[in-house]
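4 protein chains.
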Amino acid sequence: MTVRAAVAGASGYAGGELLRLLLAHPEAEIGALTGHSSAGQRLGALQPHLAPLAGREVLPTTADALAGHDVVFLALPHGQSAAVAEQLGEEMLVVDCGADFRLADAADWEAFYGSPHAGTWPYGLPELPGARAALAGTRRIAVPGCYPTAALLALFPAYAAGLAQPEAVVVAASGTSGAGRAARADLLGSEVMGSMRPYGVGGGHRHTPEMKQHLAAAAGHPVTVSFTPTLAPMPRGILATCSAAARPGVGAADVRAAYEKAYGDEPFVRLLPEGRWPATGAVYGSNCGQVQVALDPEAGRIVAISAVDNLTKGTAGGAVQSMNVALGLPESLGLSTIGVAP
Amino acid sequence: MTVRAAVAGASGYAGGELLRLLLAHPEAEIGALTGHSSAGQRLGALQPHLAPLAGREVLPTTADALAGHDVVFLALPHGQSAAVAEQLGEEMLVVDCGADFRLADAADWEAFYGSPHAGTWPYGLPELPGARAALAGTRRIAVPGCYPTAALLALFPAYAAGLAQPEAVVVAASGTSGAGRAARADLLGSEVMGSMRPYGVGGGHRHTPEMKQHLAAAAGHPVTVSFTPTLAPMPRGILATCSAAARPGVGAADVRAAYEKAYGDEPFVRLLPEGRWPATGAVYGSNCGQVQVALDPEAGRIVAISAVDNLTKGTAGGAVQSMNVALGLPESLGLSTIGVAP
Amino acid sequence: MTVRAAVAGASGYAGGELLRLLLAHPEAEIGALTGHSSAGQRLGALQPHLAPLAGREVLPTTADALAGHDVVFLALPHGQSAAVAEQLGEEMLVVDCGADFRLADAADWEAFYGSPHAGTWPYGLPELPGARAALAGTRRIAVPGCYPTAALLALFPAYAAGLAQPEAVVVAASGTSGAGRAARADLLGSEVMGSMRPYGVGGGHRHTPEMKQHLAAAAGHPVTVSFTPTLAPMPRGILATCSAAARPGVGAADVRAAYEKAYGDEPFVRLLPEGRWPATGAVYGSNCGQVQVALDPEAGRIVAISAVDNLTKGTAGGAVQSMNVALGLPESLGLSTIGVAP
Amino acid sequence: MTVRAAVAGASGYAGGELLRLLLAHPEAEIGALTGHSSAGQRLGALQPHLAPLAGREVLPTTADALAGHDVVFLALPHGQSAAVAEQLGEEMLVVDCGADFRLADAADWEAFYGSPHAGTWPYGLPELPGARAALAGTRRIAVPGCYPTAALLALFPAYAAGLAQPEAVVVAASGTSGAGRAARADLLGSEVMGSMRPYGVGGGHRHTPEMKQHLAAAAGHPVTVSFTPTLAPMPRGILATCSAAARPGVGAADVRAAYEKAYGDEPFVRLLPEGRWPATGAVYGSNCGQVQVALDPEAGRIVAISAVDNLTKGTAGGAVQSMNVALGLPESLGLSTIGVAP
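Residue numbers (UniProt numbering), protein chains in the order written: chain R, 1 to 342; chain F, 1 to 342; chain B, 1 to 342; chain W, 1 to 342.
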């Protein structure tokens with residue numbers, strides 16, 4: 001089965017990562033590459049690491065250019081996917097790496113994004129309870145945000161097992177590629193190297209409602225999330241340090257058991273042996289997430305930490321993994337758990 | 001008034017930073033520089049950034065070498081200060097950058113450091129309530145750990161004002177110099193660049209009891225701290241993201257007022273204007289800490305974030321600032337609030 | 001003697017570094033800060049590391065705003081200084097950190113910058129032969145480019161002593177701040193971290209004629225320069241690796257002697273002891289340049305390497321040092337040879 | 001055809017990269033992993049990015065452990081390969097990533113390494129003239145040093161075509177993994193981040209004779225090399241900036257033609273389109289080298305620049321590529337030209 005795939009937004013970081021992974025996917029054939037300001041250029045000038053595609057031309061993002069593919073990946077700025085998606089045939093698989101179809105609550109969408117809510121698509125985090133069933137056979141996938149991917153992998157087992165109080169605290173450090181490729185002075189190398197800084201503090205980050213939605217689904221009751229994203233001086237990676245007060249009577253063995261149950265059979269989440277902790281450097285370029293959890297007896301909190309590559313498992317790898325599920329391909333096809341280190 | 005200062009541990013990172021600051025201090029005269037494995041070498045080979053001291057020889061760390069100074073700074077591995085300090089005359093000011101005399105609770109010391117407790121000295125964080133009075137005229141100072149400096153600056157105003165519930169969560173990212181200069185494979189540039197990772201998770205970090213001790217003093221009741229330190233790919237800096245549930249009825253104005261009261265007159269802590277957030281890059285090489293705070297209304301938490309240079313305000317700058325207080329010099333003498341950026 | 005200084009271009013990297021140094025200068029008083037797109041903003045939002053100036057407002061860059069100062073520093077894009085400078089009174093000291101008045105040859109200027117040549121001002125590299133005499137009492141100073149500062153410090157002693165053949169090779173690695181603060185996608189942190197790349201290869205870089213001009217002056221005959229600049233993943237610093245074939249009969253002792261003669265009494269250039277080599281990390285934030293030289297007997301080449309901080313000795317520090325000379329102040333006043341490390 | 005491969009030195013950086021590539025090689029089966037101080041540990045604790053091998057145990061490096069494989073890769077400290085290799089059967093393919101068998105001249109070996117010369121094996125840089133013929137069917141391969149790989153790819157076409165004078169200048173910047181994984185204080189992240197520095201200046205680097213040997217072979221006459229290695233603040237990558245005076249009458253078209261001829265059909269060297277320059281970030285984790293060349297008409301020099309990943313094309317990828325040639329497998333099998341970026 002050959003899957004002909006188009007990528008809209010091929011000149012950005014998510015688009016480049018999709019292409020890197022699709023080049024290694026044995027059933028994928030790369031079709032149209034489209035862009036906005038990059039249209040007309042050769043990909044070699046835009047993504048010089050993708051040597052096999054150097055001569056390919058970027059086309060303008062239009063419904064015509066995207067037609068005739070089995071899968072269309074949308075790697076567009078938030079809020080632009082809906083307009084493109086509605087022009088694409090229902091028989092095509094559309095995988096949206098943007099936020100447009102992630103949230104179930106229209107009021108949340110409007111509060112955080114300021115535009116009308118476009119709808120809700122099956123959520124591309126197969127590790128969540130029930131997610132594979134919702135993805136199987138679907139023709140529309142909403143790829144999770146990179147921070148929610150990291151935070152949910154760290155926390156959902158604790159909530160699914162009923163071990164944690166409903167107030168979670170998430171502090172996550174992201175590499176700069178998470179902010180995209182647009183030229184911004186505050187993302188210049190001179191500004192980010194040697195510095196760490198938070199942003200969107202105090203409940204304002206758009207990824208907060210996405211975390212709450214899926215933790216609540218896992219828990220069966222509402223969960224609040226105090227989320228603080230920080231920018232770290234590295235190109236890739238998210239380290240999410242998450243915690244929540246343990247429910248009375250919960251012990252370390254309960255916590256360990258819940259995570260072993262959640263991840264024992266997962267191909268792309270590795271619960272580390274006790275005493276070892278995740279590092280983003282160990283999942284650089286890999287679709288594998290690392291997770292570790294501990295119970296701090298004195299503070300009474302479950303501390304769960306995950307490391308993912310924000311562009312791979314956090315975006316493009318999760319997208320390809322979900323595509324595999326939707327199309328009935330082996331879920332791991334074309335995806336690697338091996339990082340590039342050091 | 002000329003202050004003749006010796007530095008024990010002159011070849012390490014804390015020792016080098018002490019010398020950098022003392023070179024700029026108008027009343028300090030740099031006396032003996034001592035070390036262990038570096039004894040006999042010229043400082044120029046060990047600390048090539050300290051050009052004016054390039055020809056100075058490092059002496060072995062002995063009571064004789066340290067005798068005859070007005071101030072002795074100890075920048076030694078944890079647990080080694082007590083033995084040196086007891087050989088130093090009571091009339092000398094001894095400023096210990098190690099942990100030996102920080103903790104008030106002997107059981108805490110023994111649990112975390114595994115040796116007999118040596119005692120408790122006045123704590124070198126002048127911004128804490130009552131700290132200046134304890135430092136004035138003292139001849140013994142325990143310089144805070146770099147993480148506690150950052151966490152306490154972020155959190156103590158909330159506790160001193162009675163705004164926060166007694167369970168605090170601290171997630172802090174530190175530059176690699178915080179781990180010292182000993183050759184360790186896990187601190188090689190190849191390992192740390194491009195990677196973030198936690199360590200000492202789940203209550204085990206030695207800086208936890210130090211935070212609890214001083215938050216409790218500010219609050220007037222016990223406070224638990226869930227502390228997770230992480231290692232960030234940068235040489236210097238700590239970003240501490242701290243939070244605690246707000247007490248019922250606490251509003252954003254209460255929080256802002258508490259921090260303005262705490263820091264309105266402080267020379268070395270800058271409460272940022274609302275809407276701006278700390279960055280470690282803005283305090284690189286500076287003795288200034290940046291603090292910001294917000295109330296997350298949905299999660300019900302006070303989120304307070306601080307940025308300090310772990311070697312300056314977090315160690316050597318705090319040491320010199322405390323020395324100034326102890327000796328009756330102007331507190332800001334020889335210390336700068338200006339960072340080196342970008 | 002109080003010197004009232006204005007800085008045009010206060011929101012850029014060179015402007016910020018000028019302010020950092022002027023804040024530490026005992027005779028300087030900081031007057032107007034001007035900018036273009038930043039006009040109307042508070043400096044605290046633009047240069048958060050300059051805490052003492054946080055409340056100062058940036059004014060539009062006009063002759064009126066700059067009038068009434070003793071010194072005006074111009075930190076403007078190349079080609080914009082001339083128009084501003086001609087509006088400033090002849091009694092004011094104007095220190096141009098741009099390229100406008102560096103080149104003696106109008107044809108070179110026009111070939112590399114594409115606009116009419118504005119003139120030639122005394123060159124602000126006091127270490128060059130005859131430079132101090134030209135700077136003393138001047139009211140106009142052209143601050144060298146950062147690459148020429150590094151390359152000339154490495155090479156001019158060999159040419160002044162007649163030791164080197166007239167074909168020099170310069171390969172220099174610069175931190176990203178050398179490219180300025182304008183938002184450019186190729187300078188994003190995501191692009192520069194983890195990567196080194198050359199630019200302007202093959203004779204095209206604007207700093208080449210500046211190097212040739214001053215090496216020729218030192219040598220007394222024309223010198224060609226093959227110059228390749230590269231961008232390194234660090235915020236600051238230039239490491240210039242320079243070489244030239246040795247003239248027949250030149251020995252290692254001749255080379256050493258020439259450099260010792262050139263730098264024996266220089267306050268801001270440190271010829272390292274034999275066997276030790278420069279590092280940009282050792283001059284971070286310092287006005288000191290480190291130089292080392294060796295004769296490779298097998299290749300027959302003199303290899304001279306320098307490290308400078310491109311923003312300090314390479315721009316703003318050189319500007320303040322030259323200002324001191326021009327105004328008859330002690331040359332080292334307010335400038336430090338101490339770097340911030342690690 | 002399944003190739004059973006052992007890796008001696010599995011806990012180092014070269015060993016880890018060999019395993020990363022062998023895991024992706026469709027005909028390779030990973031056999032024994034051996035080490036010295038790491039023997040007895042699980043690989044998951046040593047190379048956490050190699051998830052599929054996490055449970056494998058590291059054995060002591062002995063002839064017994066390495067026996068019974070089709071290929072043995074030696075990733076040992078320089079000078080230790082010979083003793084191991086002589087215990088391995090002649091029917092096994094031994095691929096030495098160390099220096100022991102690279103040099104043809106015993107005097108060079110003894111001068112630079114201080115031990116008896118062990119011999120000379122076919123050189124694992126298939127792109128060199130005649131290299132593939134020497135590698136085909138061999139049972140012993142000497143993998144080039146990472147710097148020589150970069151410098152030779154940049155320069156040999158100019159020498160093979162008779163375009164360059166016999167004095168070459170090579171200035172190369174390497175990521176820190178080139179220095180290996182041994183705990184050294186000068187390689188700590190705190191020391192290398194934010195700093196560039198040279199080492200082994202003035203003819204003393206061990207890779208110089210290796211460059212000379214192969215440039216001379218390409219040129220048909222002796223070539224001197226002035227080589228300066230520098231350490232750059234990044235984990236991986238080498239950027240080699242190389243130049244040599246052009247022979248009289250050589251024009252830009254001659255130069256371009258020579259490089260197009262050399263690299264037109266090479267799977268793992270990409271001569272970039274004119275006007276674009278190599279970047280190490282574009283070959284991160286890839287076995288592809290990027291090369292560009294220009295003639296500087298004013299300086300009269302051919303400037304050739306290459307970028308390789310020191311661990312991939314510069315070591316482990318070159319080793320696997322050479323193994324493929326030696327065993328008669330398709331040369332590109334299991335190797336990728338795609339980098340991980342940003």
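Each residue gets a CB set at the ideal place from its N, CA and C atoms; glycine is no exception.
For residue i, go through chain R and note every residue whose CB falls closer than 8 Å to its CB, in chain order.
i, result
"Ile338(W)", "Arg20, Leu23, Ala24, His49, Leu50, Ala51, Pro52"
"Ser306(B)", "Those within 8 Å of Ser306(B) in chain R number zero; the least Cβ separation is about 21 Å."
Could you name the residues of chain F that residue i contacts, counting a contact when the two beta carbons are closer than 8 Å?
i, result
"Met234(R)", "Met193, Gly194, Ser195, Met196, Pro233"
"Ala173(R)", "Ala173, Met196, Thr230, Ala232"
Checking 9 Å against the spacing of the C-beta atoms, do residue i and residue j come in under that value?
i, j, result
"Ala158(R)", "Leu239(R)", "no"
"Leu59(R)", "Ala65(R)", "yes"
"Leu19(R)", "Val7(R)", "yes"
"Met193(F)", "Gly281(B)", "no"
"Leu21(F)", "Val308(F)", "no"
"Thr149(B)", "Gly314(B)", "yes"
Would you mind working out which of the options sits nearest residue i, comparing C-alpha positions?
i, options, result
"Ala161(W)", "Gln80(W), Ala217(W), Thr149(W), Gly339(W)", "Ala217(W)"
"Val293(W)", "Gly318(W), Thr337(W), Phe227(W), Val255(W)", "Val255(W)"
"Ala75(R)", "Val143(R), Gly137(R), Ala133(R)", "Val143(R)"
"Gln41(W)", "Gly9(W), Gly145(W), Ala282(W), Thr315(W)", "Gly9(W)"
"Ser226(R)", "Glu298(R), Tyr147(R), Arg270(R), Pro273(R)", "Tyr147(R)"
"Trp277(R)", "Asp265(R), Ser11(R), Ile305(R)", "Ile305(R)"
"His205(W)", "Thr176(W), Trp109(W), Ala232(W), Glu298(W)", "Trp109(W)"
"Leu128(R)", "Ala182(R), Gln213(R), Leu33(R), Thr34(R)", "Gln213(R)"
"Ser336(F)", "His117(F), Ala24(F), Ser177(F)", "Ala24(F)"
"Ala246(R)", "Ile302(R), Tyr259(R), Glu210(R), Asp265(R)", "Ile302(R)"
"Tyr123(R)", "Gly175(R), Met211(R), Met92(R)", "Met211(R)"
"Asn310(R)", "Gly178(R), Ala134(R), Pro166(R)", "Gly178(R)"
I want to verify the contact list: residues of chain R whose CB lies under 9 Å from the CB of residue i, in sequence order.
i, result
"Pro77(W)", "None at all; the shortest Cβ gap to chain R is about 18 Å."
"Ser177(F)", "Correct list: empty, because the minimum Cβ distance to chain R is about 11 Å."
Name the chain F residues that come within less than 7 Å of residue i, Cβ to Cβ?
i, result
"Val169(R)", "Val169, Ser243"
Counting only Cβ pairs nearer than 8 Å, list the residues of chain W close to residue i.
i, result
"Ser286(R)", "His49, Ala51"
"Ala185(F)", "Arg181, Ala182, Ala183"
Along chain W, which residues have their Cβ under 7 Å away from the Cβ of residue i?
i, result
"Tyr199(B)", "Trp277"
"Pro342(B)", "Ser190, Glu191"
State the start and end residues of the unbroken beta strand (DSSP E) segment that holds residue i.
i, result
"Val269(B)", "269–271"
"Val255(B)", "First-last for Val255(B): 252–263, but that is the alpha helix (DSSP H), not the beta strand (DSSP E)."
"Arg139(W)", "No beta strand (DSSP E) contains Arg139(W), which DSSP labels as neither H nor E."
"Ile238(W)", "238–246"
"Asp226(R)", "The question names Asp, yet the displayed sequence has Ser at residue 226(R). Start and end: 224–231."
Show which residues of chain R have a CB atom less than 7 Å away from the CB atom of residue i.
i, result
"Arg301(F)", "Ser226"
Could you name the residues of chain F that residue i contacts, counting a contact when the two beta carbons are closer than 9 Å?
i, result
"Thr280(R)", "Gly194, Ser195, Met196, Arg197"
Under 9 Å Cβ-Cβ, which residues of chain B neighbour residue i?
i, result
"Gly237(W)", "Gly194, Ser195, Met196"
Could you name each continuous alpha helix (DSSP H) segment of 4 residues or more that falls completely within the UniProt domain "Semialdehyde dehydrogenase NAD-binding" (4–136) of chain W, going from the start of the chain to the end? 13–23, 43–46, 63–66, 81–85, 106–113, 131–135
For the segment 274–318 of chain W, list the beta strand (DSSP E) runs that are entirely contained and at least 3 residues long, ordered along the chain. 289–296, 301–308
Segments assigned alpha helix (DSSP H), at least 4 residues, entirely inside the segment 151–222 of chain R: 189–192, 208–219
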